[in-house]
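Protein chains in written order, with the UniProt record's numbering: chain A, 1 to 169; chain B, 1 to 959.
Glycine included, every Cβ here is placed at the ideal spot set by N, Cα and C.
Predicted, not measured: the structure shown is a model, and the values here were computed from it.
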Amino acid sequence: MAVCVAVIAKENYPLYIRSIPTENELKFHYMVHTSLDVVDEKISAMGKALVDQRELYLGLLYPTEDYKVYGYVTNSKVKFVMVVDSSNTALRDNEIRSMFRKLHNSYTDVMCNPFYNPGDRIQSRHEGARKAWWQELLELGALKRLRREGQKTCRPATLLHQCRGCTPQ
Amino acid sequence: MSVPDYMQCAEDHQTLLVVVQPVGIVSEENFFRIYKRISSVSQISVRDSQRALYIRYRHHYPPENSEWGDFQTHRKVVGLITITDCFSAKDWPQTFEKFHVQKEIYGSTLYDSRLFVFGLQGEIAEQPRTDVAFYPSYEDCATVEKRIEDFVESLFIVLESKRLDRATDKSGDKIPLLCVPFEKKDFVGLDTDSRHYKKRCQGRMRKHVGDLCLQAGMLQDSLVHYHMSVELLRSVNDFLWLGAALEGLCSASVIYHYPGGTGGKAGARRFPGSALPAEAANRHRPGAQEVLIDPGALTTNGINADTSMEIGRAKNCLSPEDIIEKYKEAISYYSKYKNAGVIELEACVKAVRVLAIQKRSMEASEFLQNAVYINLRQLSEEEKIQRYSILSELYELIGFHRKSAFFKRVAAMQCVAPSISEPGWRACYKLLLETLPGYSLSLDPQDFNKGTHRGWAAVQMRLLHELVYASRRMGNPALSVRHLSFLLQTMLDFLSDQEKKDVTQSLENYTSKCPGTMELLTLPDGLTLPPVPFTKLPIVRRVKLLDLPASLRPQKMKSSLGPSVSAKSPFIYSPIIAHSRGEERSKKIDFQWVQGDVCEVQLMVYNPMPFELRVENMGLLTSGVEFESLPAALSLPAESGLYPVTLVGVPQTTGTITVSGYHTTVFGVFSDCLLDSLPGIKTSGSTVEVIPALPRLQISTSLPRSAHSLQPSSGDEISTNVSVQLYNGETQQLVVRLENIGMEPLEKLEVTSKILTTKEKLYGDFLSWKLEDTLAQFPLQPGKVATFTISIKVKLDFSCQENLLQDLSDDGISVSGFPLCSPFRQVVRPRVESKPVNAAEGGRPGEPGHVKTLEAVLNFKYSGGPGHVEGYYRNLALGLHVEVEPSVFFTRVSTLPATSTRQCHLLLDVFNATEHELSVRARSDEELILHAGECQRFMPCKPHSARWKEMKHHDETGK
């Protein structure tokens, strides 16, 4: 499961960053921030390749002791960074890829929102966007975990609530 | 081997290590002066050959690292230079003894040593010695470099002999097993006769010879030896030494490929000036030539070199890609040994430097990632700091600025770790500052004015908090105030309500000791911190310069020359001029302020904080004119809406004033906010002309003030309104007190009146005055009072009905029954005709008792002082509101024929509309007493002079 998802603008500032254990958000901020070095490096190395053949998925950016950081870059140089728990061996490259693809679709939805100014922070409060984003997050992480715990019948909204509630604030 | 040398790079493998140390008491300054001169001799071309020798100088080197000298010879201290002060011959034996003690420390590995004695003169200094050099003082030691060169040459001789010794002889002898300190016990009792053991010995010795060759400047030979060593050691699985051999191979290849060096500055220093290309060219070949000169070096004994190798020499050198492969391999071998952690770490660092030159950042980052996880023994705090710093530096080297910043920050935090007894806040702060670019944070608030903040707010905020804390602990409250202000100003949008409260609270705490200023703070290392004006506390949305109130507004006397607008251009109209004038107008506002008078600027502000914001000392910043700003203090409620604030000030000189901004003190931080740098501000121009001082006139009258305000037609405002109630036909004096309340003498006064359009018909002068009496008192000095009398004369229509005179003509004629009175009619009629016509036009004159009003504006144009010279005046308007109550009415007019046919009697029916008794008199010969509400017929006078005399009523009650 993903513990942190970030969308980073072309100019390398975060448009959206959210992590599941909310109590140590800053750690993930640092993690995603430093991963941009690798993303930049990979992009500049990729620059030589033909545009149409470009692979958006950047693969593993770097592993840390507890997490693995994956990257993805759109053609407009918007970056997606996802941090997953390295203990989770169920997530293979393909799963990561499909998660990124979903993320990309959601991002496209956000961009389609006429009330969204490109370059602004993505607020999950935007009704349409929120749905997509939280769904994404839930799909990526919380939902799986909660499902494992046997709460299949919960609606996403309550799941979210519980997910937040389980971490002392 | 416990202390890693993070500065090592691949080409250090070819250097000879020389330790330079002071003995006894040598001042640091003197020592480093000599040390600097010594280290300038870092490269020597050995005479008789084209080989170059490289020296690495250290003033501190742990002797235990020297024990790894067999493993990698560049770790071995081969030379020792000691520097000492000695002023008398008496001290000399003692000094020399110390030198020997020092020599003992590195004794086992030293090739040669030198002692530099400063200050000693006389007999002892005269004797020629090779190992000791005497200099009279630190200034007078011109031959130091020469001495060092000699010393290096002597080192070379030893090195060369060792190399030849190892490489050539002992053909029949057993090759000794070289080993690293921790291996020694492993080989106890091992069968020294086995092939395996022999191969191991051979392999290690080959590697050692390779090292020596490299140091002696024989690059190609070293490559050959390393290659052979790799083969030998691989076959016996001697991994540690195999790693070393591979690393040697890499180092030699790096030296071959990158003659400029990989270690940054250190490398560059090796090839000073123009010598570089020549040196580099030389360095590629010496090996080959040496082999030709001295073929015997490689051809004997058990570690025999195959002569065919000479052909494939170029192949011996690794390609750039292979270098990295081999480094990887070497590191993987090192990692098998816990005790070789330092070697592994240093190899990683070296590989990273090579990769940085090859611009292969990704792979470099992998090496670094590995280096992070190499677990050395328990590191001291200082070593940790060093390690993180070097990681940061290396990440910077490969262009990973964020990662670099991350590690630098970790290093900074390490400086003040709780386990350290004396936390280095200064160092921590310095390191933190260095991380700023990595987090794309500049400390100039100007950079944040462009629209919304875009960056890693959470991370940046943390960093700023740390800067604040570090600077506070450092004992520099001014810095922490500056950083905290910066945090508040730039990160306001990202702070939660609670954080806003906390930050402002601590800011207030800090500023209570050290108020925030607008000065540029300069740090000892030259970095400057620009001031942080609080442009968001409060946020100013609009700035509007206000005109003076109407009564104080200066006006320009009309110039007799006519309009001067077109004076500059011969064209009546030109779009270009119009355009430029339009631009000018957008900047400059078309009203004037007056020197010495209070001027106002209105700001629309709001408070973005979730609590009440106290803004103190809020005033205007101006330029162009000396301006006395009168600061205001305000308190804005939490998250207020737009809130108007008026800032005032007094211009002290004349000219053009530009309101460039405002200053505030919020939370004890003084800020100068310039309008130009404020985003999203609306301003309607900020430049105003200030004209010379004018007097100020205050008017008070004998009449009560009126709440009734006149609606002037021409737009000028009326400062004072007075009202009076009069009976129709009554006259009253209005005494106006003119007081000069300004600072300038009042020199000129003009009074004009304007009667506002009224539906009432007015006869004669409503207002009349004599200005001469007043002007006689002029010039009116400040504080002085003059009086001015105006007489108000109310004369309105006395007729009661609109058809009154109609009656006169009809009725009179019918009554008289006299048809031949055309001359009368022709004479009299025109005189009276105007009345009914006007009365009819006036609509309804009303019933008896109807109150009519008259309104007039008295304009006092006055001037004086310097403003008068410039042709400005001020206009003060006094509104006069007169309520006219009816006194008498002529309800009916009729004529009676008189004795003569040419004459007739005029009969008037007079009605007293007042509540008082009054007498009516015409020509003062007859008097008629009329009681209130009474109506009588009255024949006023002789027939021929049917003219009105003024009516007077006698107010019996004295009302």
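Determine whether the Cβ of residue i lies closer than 7 Å to any Cβ atom of chain A.
i: residue 367 of chain B; result: no
i: residue 332 of chain B; result: no
i: residue 413 of chain B; result: no
i: residue 217 of chain B; result: no
i: residue 116 of chain B; result: no
i: residue 961 of chain B; result: Within the shown structure, residues of chain B are numbered from 1 to 959, placing residue 961 of chain B beyond reach of any answer.
i: residue 361 of chain B; result: yes
i: residue 501 of chain B; result: no
i: residue 455 of chain B; result: yes
i: residue 297 of chain B; result: Annotation note: pLDDT 37 at residue 297 of chain B (below 50); position unreliable, coordinate value reported separately. Output row for residue 297 of chain B: interface = no.
i: residue 328 of chain B; result: no
Flag residue i as yes if its beta-carbon sits less than 7 Å from any beta-carbon of chain B, otherwise no.
i: residue 26 of chain A; result: yes
i: residue 36 of chain A; result: yes
i: residue 13 of chain A; result: yes
i: residue 23 of chain A; result: no
i: residue 6 of chain A; result: no
i: residue 55 of chain A; result: no
i: residue 19 of chain A; result: no
i: residue 245 of chain A; result: This structure cannot speak to residue 245 of chain A, because chain A is shown only from 1 to 169.
i: residue 95 of chain A; result: no
Cβ atoms of residue j and residue i: under 7 Å apart, would you say?
i: residue 554 of chain B; j: residue 741 of chain B; result: no
i: residue 598 of chain B; j: residue 648 of chain B; result: yes
i: residue 337 of chain B; j: residue 240 of chain B; result: yes
i: residue 13 of chain A; j: residue 454 of chain B; result: yes
i: residue 638 of chain B; j: residue 600 of chain B; result: no
i: residue 230 of chain B; j: residue 196 of chain B; result: no
i: residue 373 of chain B; j: residue 317 of chain B; result: no
i: residue 532 of chain B; j: residue 591 of chain B; result: no
i: residue 407 of chain B; j: residue 516 of chain B; result: no
i: residue 41 of chain A; j: residue 361 of chain B; result: yes
i: residue 910 of chain B; j: residue 890 of chain B; result: yes
i: residue 459 of chain B; j: residue 33 of chain A; result: yes
i: residue 347 of chain B; j: residue 331 of chain B; result: yes
i: residue 58 of chain A; j: residue 71 of chain A; result: yes
CA-CA distance, residue i and residue j?
i: residue 521 of chain B; j: residue 431 of chain B; result: 18 Å
i: residue 52 of chain B; j: residue 39 of chain B; result: 16 Å
i: residue 386 of chain B; j: residue 35 of chain A; result: 23 Å
i: residue 796 of chain B; j: residue 928 of chain B; result: 21 Å
i: residue 792 of chain B; j: residue 766 of chain B; result: 6 Å
i: residue 863 of chain B; j: residue 772 of chain B; result: 17 Å
i: residue 116 of chain A; j: residue 110 of chain A; result: 7 Å
i: residue 146 of chain B; j: residue 127 of chain B; result: 18 Å
i: residue 885 of chain B; j: residue 918 of chain B; result: 14 Å
i: residue 108 of chain B; j: residue 44 of chain B; result: 25 Å
i: residue 12 of chain B; j: residue 420 of chain B; result: 33 Å
i: residue 192 of chain B; j: residue 179 of chain B; result: 14 Å
i: residue 842 of chain B; j: residue 788 of chain B; result: Caution is warranted here: a pLDDT of 36 is assigned to residue 842 of chain B, below 50, making its placement in the model unreliable, and the coordinate value is therefore given only provisionally. The alpha-carbon atoms of residue 842 of chain B and residue 788 of chain B are separated by roughly 34 Å.
i: residue 628 of chain B; j: residue 744 of chain B; result: 19 Å
i: residue 775 of chain B; j: residue 727 of chain B; result: 31 Å
i: residue 219 of chain B; j: residue 14 of chain B; result: 9 Å
Any beta carbon from chain C within less than 7 Å of residue i's own beta carbon?
i: residue 29 of chain A; result: Reference to chain C is not applicable here, since the protein chains of this structure are A and B.
Compute the minimum distance between the beta carbon of residue i and the heavy atoms of the ligand MN, and state whether it is under 6 Å.
i: residue 635 of chain B; result: Ligands in the displayed structure: none, and consequently the ligand MN is not present.
- Message: Which residues of the UniProt domain "Trs120/TRAPPC9 N-terminal" (186–259) of chain B have a Cβ closer than 9 Å to any Cβ of chain A? Give them in chain order.
- Response: none
- Secondary structure, beta strand (DSSP E): runs of 3+ residues fully inside the region 890–916 of chain B: 904–912
- Listed from N- to C-terminal order along the chain, which residues in the region 458–471 of chain B have their beta-carbon within a distance smaller than 8 Å of any beta-carbon of chain A? 458, 459 and 462
- Query: Where are the beta strand (DSSP E) runs, 3 residues long or more, that stay fully inside the UniProt domain "Trs120/TRAPPC9 N-terminal" (186–259) of chain B, in chain order?
  - Reply: none
- Task: Determine which residues of the region 61–82 of chain A have a Cβ less than 7 Å from any Cβ of chain B, and write them out in chain order.
- Result: 62
- Task: Closer than 9 Å, Cβ to Cβ, to anything on chain A: give me those residues from the region 380–400 of chain B, in chain order.
- Result: 395, 398, 399 and 400
- Task: Taking only runs that begin and end inside the region 68–132 of chain B, name each unbroken beta strand (DSSP E) of 3 or more residues, in chain order.
- Result: 77–85 and 112–118
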